[in-house]
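Asks:
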Amino acid sequence: MNNTRTKRNNSNGNSFGGKKKTNGSVPHWKRDKPTSNKTTSKRPKQGGGKNKQGPSKLDPRLLVQAAKSVEKQEFRSDRLFDEMKLHPKLKANIKAKGYERPSEIQEATLDFCTEGHDVLGIAQTGTGKTGAFLIPIIDQLLHNKRPFHALIVVPTRELATQVEDEFKSLTKGLDLFSACFIGGTNINRDLYELRRASQIVIGTPGRLLDLSTRKSLDFRKFNVLVLDEYDRMLDMGFVNDIKRMIHLMANRKQTMLFSATLDVNQQDLINQILTKPKTVKVSSGEASSDNIEQDIIRMSNPKEKFKRLCEMLNHEDFEKVLIFDEAKYKVNKLSEALNKEGFKTEAIHGNKTQAARQKALDAFKAGKVKVLVATDVAARGIDVMDITHVINFQIPMTYDSYIHRIGRTGRAGKVGKAFTFVD
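Structure follows, in structure tokens:
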């Protein structure tokens, strides 16, 4: 194992951010790779190359790209929250959280949502969209404009927990209550929780429908529906669950749908869900791989592949690393092997309890562990701003999946790095 440490440098001259070196000083795992960091003027079409690794149709040549420094364009609203027509107690809590002005998605949607319009908001994670739907919901609850119960549906357990935490901070001292129902937790606790009066219910599709089947949760009591990260819910196969919930919400008056992307194939279902929606698309936080340095590592021998991974992780620039593997048992196996090599590592996947997944994610966010190994589905709830590297230990099935994976680095205008192992 190569334990050589090199001095860090903020230059973007190579994959570690250091100055250009002679071949003798370049790390072993970078010297013998057969690719170049230069981006060709014409990118090969997806699926055009020969790829021996499993069923993936992804051409490895698509995964080599030099990074460009991208200047983040900060949005600054002309309005202050203090100047908006919101309940004074809500404005006080917003101010206590340190928010003075709405984000771009909030600026564009708050008035529509407060007025009761259906809204279609296209915005990336980390742009303030949770506040975009929570603030108007809380404002309407405080003003008692009408009998009001809201259902917020999200694709993952982690996101549900994040939304509930944000609701609690915005409603501190306001005598408003929420309930959160997610898979991987004790169903009896949920049944007990349903006895308590809650104006807001947050949950994942499977658990919400399970409670409905048990006659414990009545969808007819909700008149406001929020579908957050709608595109991810469709990717995860929740389309029929969404249709079923909407069918059961006989008294639905308003729907707010937020999605990072808008695909033409989604439009028919969106038309069934929304009525004369106000459509808003914001550019801040828009997904881009331009500021992510991407490269491939050709290696088919499993032992050599793992050895190479360890060499990479030993380099000091690999500060916070997210590794993707294709199956739950492989994620566990890789995590255990890395821990044995002395790398503080946690794993998250669908078979872990919610408490275990949250504990692993919190440790990763706090820097208590350096490496997080994840499956695609489990990683969908991850929103960590300072991930330095993404490593695809197994090449993803599609280019869209690849872009979703590497998009977790290179945030806030920083240059990120992504590496993919291929046979």
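Residue numbers for the sequence shown follow the working numbering, beginning at 6 and rising by one.
Every residue gets a Cβ at the ideal spot worked out from N, C-alpha and C, and that includes glycine.
Keep in mind that this is a model prediction, so the values were computed, not measured.
#1: Between the C-alpha atoms of N14 and E316, what's the straight-line distance to the nearest angstrom?
#2: Please state the DSSP three-state secondary structure of V285.
#3: On the DSSP bridge assignment, give the partners of H394 in chain order.
#4: Assuming I157 and V231 are in contact, meaning their beta carbons sit under 8 Å apart, how far apart are those beta carbons, in whole angstroms?
#5: Could you please give the first and the last residue of the uninterrupted beta strand (DSSP E) stretch that includes F186?
#6: If you count every other CB in all the chains shown that lies within 10 Å of the CB of K12, and 16 or more means buried, which is it?
#7: Can you have a look at Q111 and say buried or exposed, based on whether 16 or more other CB atoms are within 10 angstroms of its CB?
#8: Which of the three DSSP states is assigned to R313 in this structure?
#9: Which stretch, first to last residue, makes up the alpha helix (DSSP H) that contains V244?
#10: Contact defined as beta carbons within less than 8 Å: I believe L279 pairs with L125. What is the distance between those atoms, to the nearest angstrom?
#11: Counting only the same chain and skipping the five closest in sequence on each side, list residues whose C-beta sits under 8 Å from that of I187.
#12: Within its chain, find whatever has a CB closer than 6 Å to the CB of F86; leave out the 5 residues flanking it on each side and keep chain order.
#13: Between which two residues does the beta strand (DSSP E) carrying T130 extend?
#14: Pick helix, strand or coil for D268, following the three-state DSSP scheme.
#15: Short of 7 Å in beta carbon distance, which residues of its chain neighbour F311, apart from the five on each side in sequence? Order them along the chain.
#16: Measuring alpha carbon to alpha carbon, tell me which residue in T119, R219, H252 is nearest R225.
#17: According to DSSP, simplified to helix, strand and coil, what is R410?
#18: Using 8 Å for Cβ pairs, my map puts V376 next to F348. What's the rounded Cβ distance?
#19: What does L230 pair with, by DSSP beta-bridge criteria?
#20: By how many angstroms is the C-alpha of I408 removed from the C-alpha of T135?
#21: Taking the straight line between their C-alpha atoms, what separation do you get for A368 and V378?
#22: Tell whether a beta-carbon distance below 8 Å holds between L115 and I143.
#23: Out of P93, M238, K220, A128, which has the shortest C-alpha to C-alpha gap to K286?
#24: Let me know if K422 comes out buried or exposed under the rule of 16 or more other beta-carbons within 10 Å of its beta-carbon.
#25: How long is the line joining the alpha carbons of K338 and P307, rounded to whole angstroms?
#26: What does the Cβ neighbour count give for A265, buried or exposed, with the cut at 16 atoms within 10 Å?
Replies: For this structure:
#1: Position 9 of the sequence shown, counting from 1, holds the residue named residue 14. Position 311 of the sequence shown, counting from 1, holds the residue named residue 316. Residue confidence is low: N14 scores 38 on pLDDT, short of 50, so the model does not pin down where it sits. Its coordinate-derived value is still stated next. Going from the Cα of N14 to the Cα of E316 covers about 19 Å.
#2: What you label residue 285 is simply residue 280 of the sequence shown in a count that begins at 1. Here V285 sits in strand by DSSP.
#3: Residue numbering aside, residue 394 sits at position 389 when the sequence shown is read from its first letter. Paired residue(s): V326, K422.
#4: The residue given as residue 157 occupies position 152 in the sequence shown. The residue given as residue 231 occupies position 226 in the sequence shown. Right, their Cβ atoms sit about 4 Å apart.
#5: One-based indexing of the sequence shown puts residue 186 at position 181. That run of the beta strand (DSSP E) goes 183-186.
#6: One-based indexing of the sequence shown puts residue 12 at position 7. Reliability fails at K12, whose pLDDT of 35 lies under 50, so the model's placement of it is uncertain and the value that follows must be treated cautiously. Label assigned to K12: exposed.
#7: As a position in the sequence shown, residue 111 is number 106, starting the count at 1. When all chains shown are included, Q111 counts as buried.
#8: Within the sequence shown, the letter at position 308 stands for residue 313. R313: helix per DSSP, three-state reduction.
#9: The sequence position of residue 244 within the sequence shown is 239, counting from 1. V244 -> alpha helix (DSSP H) spans 244-253.
#10: Residue 279 sits at position 274 when you count from the first residue of the sequence shown. Residue 125 sits at position 120 when you count from the first residue of the sequence shown. Indeed, because the Cβ distance is near 6 Å, the residues count as touching under 8 Å.
#11: Here residue 187 corresponds to residue number 182 of the sequence shown, with the count starting at 1. Excluding sequence neighbours, I187 sits near R162, A165, T166, G208, T209, R212, Q359.
#12: Locating residue 86 in the sequence shown gives position 81, where the first residue counts as 1. Taken in chain order, the residues that qualify are K96, I99.
#13: Against the sequence shown, residue 130 aligns to sequence position 125. T130 -> no beta strand (DSSP E), and no H or E assigned at all.
#14: As a position in the sequence shown, residue 268 is number 263, starting the count at 1. Of the three classes helix, strand and coil, the one that applies to D268 here is coil, per DSSP.
#15: For the purposes of this step, residue 311 is taken as residue 306 along the sequence shown, with counting starting at 1. Contacts found: A342.
#16: Counting from 1 along the sequence shown, the entry for residue 225 is found at position 220. Among T119, R219, H252, the Cα nearest to that of R225 is on H252.
#17: Here residue 410 corresponds to residue number 405 of the sequence shown, with the count starting at 1. Of the three classes helix, strand and coil, the one that applies to R410 here is helix, per DSSP.
#18: Stepping through the sequence shown from its first residue, residue 376 is reached at position 371. Stepping through the sequence shown from its first residue, residue 348 is reached at position 343. With a Cβ gap of about 5 Å, V376 and F348 count as contacting.
#19: Against the sequence shown, residue 230 aligns to sequence position 225. L156, T260, per the DSSP bridge assignment.
#20: Within the sequence shown, numbered from 1, the residue matching residue 135 stands at position 130. Within the sequence shown, numbered from 1, the residue matching residue 408 stands at position 403. In a straight line, the C-alpha of T135 is about 23 Å away from that of I408.
#21: Numbered from its first residue, the sequence shown carries residue 368 at position 363. Numbered from its first residue, the sequence shown carries residue 378 at position 373. Rounded to whole angstroms, A368 to V378 spans 13 Å at the Cα level.
#22: Start at 1 with the first residue of the sequence shown, and residue 115 comes out as number 110. Start at 1 with the first residue of the sequence shown, and residue 143 comes out as number 138. The answer is no: Cβ separation not under 8 Å.
#23: As a first step, residue 286 is located in the sequence shown; it is residue number 281 there, counting from the start. Closest option to K286, Cα to Cα, is A128.
#24: For the purposes of this step, residue 422 is identified with residue 417 of the sequence shown, where counting begins at 1. Under this definition K422 is a buried residue.
#25: On the sequence shown, position 333 is the one that residue 338 refers to. On the sequence shown, position 302 is the one that residue 307 refers to. Between K338 and P307, the C-alpha separation is close to 12 Å.
#26: Looking up residue 265 in the sequence shown gives position 260. Buried, by the Cβ-count rule.
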